[in-house]
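Since the structure comes first, as structure tokens, the remarks are kept for the end.
Chains as they are written, first to last, in our numbering: chain A, 1 to 325; chain B, 326 to 452.
Given below as structure tokens:
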């Protein structure tokens with residue numbers, strides 16, 4: 001349709017010369033896209049729920065996974081995501097204000113509100129990148145058993161998580177990372193963990209204050225079970241791998257599906273935010289060069305606004321199901 | 326927009342705003358309060374909220390409820406569905422309201438069933 005480049009107000013009118021349901025063609029199609037995208041996102045979130053119900057006993061507790069705030073050390077669950085949520089809601093507000101100023105044909109106001117919206121979006125995407133980096137890097141490290149269970153370590157005196165480097169011993173070994181230049185055929189492997197499984201197991205044996213925390217919930221139903229000293233040593237007999245951080249196959253925080261869904265759903269949402277920012281920037285420049293002033297209405301701002309609010313709406317659900325529930 | 330007649334009341338008319346801009350800030354305050362309550366509950370996790378109601382912790386039901394309230398205000402006021410014609414509004418909202426709970430119901434029941442099989446069945450889940 002040539003409608004996208006026209007500067008006349010005819011563009012709002014359907015081929016039949018009327019506006020069914022008092023909505024213009026573009027706005028209605030944006031809404032239909034949003035409805036189908038909402039169904040896509042609900043498919044993802046429901047499959048997350050499915051996997052979670054399937055492994056309900058060993059699903060990680062979000063409060064124990066996302067505990068970091070940039071520039072601060074310590075254990076601060078939730079504060080940073082709450083901040084991210086607030087940023088996104090705030091940028092939604094500046095977006096509505098831009099739409100509202102557009103209705104009143106105030107070009108300068110629209111420009112500034114669009115600018116604020118873009119900045120908010122950038123802060124959000126940056127925060128999400130940081131969140132991913134922290135999650136991938138991991139913090140304490142854990143071991144994986146033959147059956148795929150994750151065993152974490154706690155300090156018996158304080159009850160707090162303890163990092164591998166605080167107790168693992170150093171045993172000289174010959175194991176080097178296999179790089180492609182050393183391989184017989186086109187083989188290579190990812191980076192090796194900082195400690196071998198033997199170093200971790202020996203470390204636990206020589207430190208009597210280290211206990212194993214399993215992925216299972218204890219009898220209260222909302223805390224993970226901490227084993228006694230004997231049970232800990234017994235459980236470590238099955239230990240096979242050292243896991244540091246998370247990727248698509250291993251996850252030091254618990255079940256690997258948690259990491260998979262985290263990457264997939266927040267990644268898909270982050271991609272929506274990214275494309276929203278790009279579209280916002282395009283519209284922002286169109287506002288500056290006066291395209292909508294000449295066209296006589298700012299409906300384009302309203303349409304990208306709908307998309308931007310939708311991104312916010314999805315985040316509200318992602319926030320609930322990944323971080324709160 | 327040609328029709329500049331925004332509906333300026335929320336809470337079924339209990340709270341009336343003078344202008345659209347004022348309503349936007351009002352809704353922002355409401356959404357911020359809800360988020361703050363969610364975060365506070367998530368950090369404190371009070372003992373009373375950890376009892377199970379219909380197979381899930383009461384706290385989780387509260388979170389889901391508050392999320393739906395937030396979604397309502399984002400869609401109704403920020404995406405100004407409140408100002409759209411009823412036919413348009415419901416043709417967008419009803420398919421979602423019908424299909425999503427249906428999918429949720431089916432998949433969560435199925436997930437729980439598989440969990441029971443792993444737990445009580447002859448198949449070990451340790452693979």
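The C-beta atom is built at its ideal place from N, Cα and C for all residues, glycine as well.
Non-local C-beta neighbours of residue 154 of chain A in its own chain, meaning closer than 7 Å and more than five positions away in sequence, comprise 160, 161, 162, 211, 213 and 226, ordered along the chain. By a beta-carbon distance limit of 8 Å, residue 97 of chain A contacts residue 346 of chain B. Their separation comes to about 7 Å. Secondary structure note for residue 280 of chain A: its alpha helix (DSSP H) is the uninterrupted segment 267-288. Looking at the DSSP output, residue 258 of chain A bridges to nothing. Sequence-distant Cβ neighbours of residue 87 of chain A in its own chain, meaning closer than 6 Å and more than five residues away, are 120, 123 and 124. Interface criterion not met: the Cβ of residue 275 of chain A is under 8 Å from no Cβ in chain B. Of the candidates B:373, B:425, B:439 and B:394, the residue whose Cα lies closest to the Cα of residue 36 of chain A is B:425. Every beta strand (DSSP E) stretch that sits fully inside the segment 121-199 of chain A and reaches 3 residues is listed by chain position as 142-145 and 150-155. For residue 399 of chain B, the chain A residues whose C-beta falls within less than 9 Å of its own C-beta are 89, 92, 309, 310, 312, 313 and 316, listed in chain order. Here DSSP, grouped into helix, strand and coil, assigns residue 345 of chain B to helix. In this structure, residue 239 of chain A sits away from residue 304 of chain A, with a CB-CB distance that is not shorter than 8 Å. The DSSP-derived three-state label of residue 385 of chain B is helix. Close partners of residue 56 of chain A in chain B (Cβ separation under 9 Å): 436, 437 and 440.
Neighbours of residue 425 of chain B across chain A, judged by C-beta separation under 7 Å: 42.
Near chain A, meaning a CB-to-CB distance below 7 Å, the residues of the segment 329-360 of chain B are 329, 345, 346, 349, 353, 356, 357 and 360.
Secondary structure within the segment 8-63 of chain A: the alpha helix (DSSP H) runs of 4 or more consecutive residues, fully enclosed, are 25-54 (chain order).
One alpha carbon belongs to residue 246 of chain A, the other to residue 138 of chain A, and they sit about 6 Å apart. No Cβ-Cβ contact shorter than 8 Å links residue 114 of chain A with residue 263 of chain A. Taking a C-beta distance under 8 Å as the contact criterion, residue 75 of chain A and residue 85 of chain A do not qualify as a contact pair.
Proximity to residue 405 of chain B across A:72, A:95 and A:136 peaks at A:95, based on C-alpha coordinates.
By the CB criterion at 8 Å, residue 204 of chain A and residue 167 of chain A fall inside the cutoff. Residue environment: residue 52 of chain A is assigned as buried (16 or more neighbouring CB atoms within 10 Å of its CB, all protein chains considered). Remark: C-beta atoms of residue 79 of chain A and residue 321 of chain A do not approach each other more closely than 8 Å. The count of Cβ pairs closer than 8 Å, one atom from the segment 312-321 of chain A and one from the segment 377-392 of chain B, reaches three, so the stretches are in contact.
Looking at A:65, A:148 and A:147, the one whose alpha-carbon comes closest to that of residue 133 of chain A is A:65. For residue 383 of chain B, no chain A residue has a C-beta closer than 7 Å to its own C-beta; the minimum C-beta separation is roughly 12 Å. The beta carbon of residue 379 of chain B is closer than 8 Å to those of 386 in its chain, skipping five residues each way along the sequence.
For residue 214 of chain A, no chain B residue has a Cβ inside 8 Å of its Cβ, as the nearest lies near 13 Å away. Under a criterion of Cβ atoms nearer than 8 Å, no residue of chain A is adjacent to residue 362 of chain B; the nearest Cβ is some 11 Å distant.
Among the residues of chain B, none has a CB under 7 Å from the CB of residue 142 of chain A; the nearest is roughly 17 Å distant. Under the Cβ criterion of 8 Å, residue 379 of chain B is not counted among the residues facing chain A. Straight-line spacing of the CA atoms in residue 415 of chain B and residue 29 of chain A works out to 15 Å. One Cα belongs to residue 108 of chain A, the other to residue 302 of chain A, and the distance between them is close to 16 Å. For residue 210 of chain A, the uninterrupted beta strand (DSSP E) segment begins and ends at 210-217. Counting only Cβ-Cβ distances below 9 Å, residue 419 of chain B has no contacts in chain A at all, with the closest Cβ about 10 Å away. Against chain B, a Cβ distance below 8 Å from residue 325 of chain A picks out 385, 388 and 389.
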